[in-house]
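In our numbering, the protein residues as written are 242 to 678.
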């Protein structure tokens, strides 16, 4: 299984999905940059999530809160006081380790040196707002996007007047200054979250919670994730946060074992009460029918874009024998594949072929993410497109100049079909809509 992870990491850099951050300077630990194919895959995941959770529902609203928030936000949420890790330093090599990851609490796992006593380190990145750096100007890079939705609860009520139950959806960057154990992009200090805060009546919260667990499971399955590779694990009572009534982790079977992709929690009314207390503002919901005010309960599905992307990459990676070779491909769902079509001239030394292929690629670009490539022999071009998950390869050959047809090759089946050039757009549209999520 470790071999699979090595293949994924190699493919990501070789084909332009993910690069080590600041690579020319030797990299920055746990920092990753998304290349041309990676950013397309990432955007497709976010687009699929937004479509399912905002556009295709009548009870959801989107928003985008600022990364920097008033520092009292993090006092109210408990992050200033409670968001920390126990860490110890090596007196020899001076490296720092999370105590929970140490098998031997006294010896350094790197050099065998003596470790210091465990100390608490807050996980939030701290900076200063304005030219003066003192205690009065301290602000934090947000460790989660959720608080931006909680503090905007009264603004949403006043501007959109939604009726319970309703939810807010947000996708954005978060930051945690933690020692990370690696596993590629699974755990990083800078990451992107897809979060929902769904407000409902307290007496309906258990039912709503179960509905969101089911909805989130269906989302992964609809996008082609193998059912045997994903599981939904309910927390035991001793695992729950002090404010949570229930929580379910969405876990994926990564090469290193089952690990969390997303958490779905019933947060009760803890968050709105905390912010009401610390801000002095009334954050209760007013029911105009019953003429009563109360704090709604909050159901929170919260997942990581980067973890989700990594899981879909691992899940899609396939090797299969083709004649005397092994074909590596990414069987990504049609909605997620970075490139929908690649137009390839059979001979790049024939100007009329190249011109026809470039014109077709340009026409398709207006409707689909399409690339043009003439940098290798056709067999190698096919393998290259397979590796990045391109759905259809369209070959313009000598015969195309006579019969005005091209060969369209399906990624998964490798079956080829001869299609009239003026019908290619309609053909791809029909194919992409067959299983669109």
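For glycine and all other residues, C-beta sits at the position ideal for the given N, C-alpha and C.
Inset, instruction - Flag this pair as yes or no: are the beta carbons of residue 623 and residue 649 separated by less than 8 angstroms? - result: no
Inset, instruction - Determine the DSSP secondary structure at residue 246, reduced to helix, strand or coil. - result: helix
Legend entry - Nearest candidate by alpha-carbon position, reference residue 324, set 316, 548 and 629: 316
Legend entry - Collapsed DSSP secondary structure at residue 602 in the structure displayed: helix
Inset, instruction - State the DSSP-derived secondary structure class of residue 615, mapped to helix, strand or coil. - result: coil
Inset, instruction - Determine the burial state of residue 534: buried for a count of at least 16 other Cβ atoms within 10 Å of its Cβ, exposed for fewer. - result: exposed
Legend entry - Short Cβ contact (8 angstroms threshold) for residue 391 with residue 300: no
Legend entry - C-alpha gap between residue 379 and residue 418, whole angstroms: 16 angstroms
Legend entry - Integer-rounded CB distance, given that residue 306 should sit under 8 angstroms from residue 393: 6 angstroms
Legend entry - Own chain partners of residue 681 with C-beta closer than 7 angstroms, once the 5 adjacent residues on each side are dropped: The structure shown does not extend to residue 681, since the chain spans only 242 to 678, so no value can be given for it.
Legend entry - DSSP three-state assignment for residue 507, whether helix, strand or coil: strand
Inset, instruction - Look at the alpha carbon of residue 491 and the alpha carbon of residue 409, and state the distance between them as a whole number of angstroms. - result: 20 angstroms
Legend entry - Neighbourhood of residue 443 by C-beta, 6 angstroms cutoff - its chain only, sequence neighbours within 5 removed: 538
Inset, instruction - State the start and end residues of the unbroken alpha helix (DSSP H) segment that holds residue 395. - result: 394 to 401
Inset, instruction - Tell me whether the beta-carbon of residue 645 lies closer than 8 angstroms to the beta-carbon of residue 661. - result: yes
Legend entry - Proximal residues to residue 367 (C-beta, below 7 angstroms), its chain only, five neighbours per side dropped: 379 and 381
Inset, instruction - Kindly indicate which residue of 283, 354 and 489 has the alpha-carbon position closest to the one of residue 456. - result: 489
Inset, instruction - Give me the Cα-Cα distance between residue 597 and residue 512, rounded to the nearest whole angstrom. - result: 60 angstroms
Inset, instruction - Have a look at the DSSP bridge pairing and note the partners of residue 363. - result: 325
Inset, instruction - Measure from the alpha carbon of residue 447 to the alpha carbon of each residue in 508, 470 and 383, then state which is nearest. - result: 508
Inset, instruction - Write down every uninterrupted run of the alpha helix (DSSP H) in the segment 611 to 669 whose length is 4 residues or greater and which is fully enclosed by it, in chain order. - result: 619 to 628 and 641 to 644
Inset, instruction - Check the DSSP bridge columns for residue 339 and list the partner residues they point to. - result: 328
Inset, instruction - Report the rounded CA-to-CA distance for residue 355 versus residue 362, giving the unit in angstroms. - result: 19 angstroms
Inset, instruction - Since I believe residue 436 is in contact with residue 543 (beta carbons under 8 angstroms), could you give me their beta-carbon distance rounded to a whole number of angstroms? - result: 5 angstroms
Inset, instruction - Please classify residue 526: does DSSP put it in a helix, a strand, or coil? - result: strand
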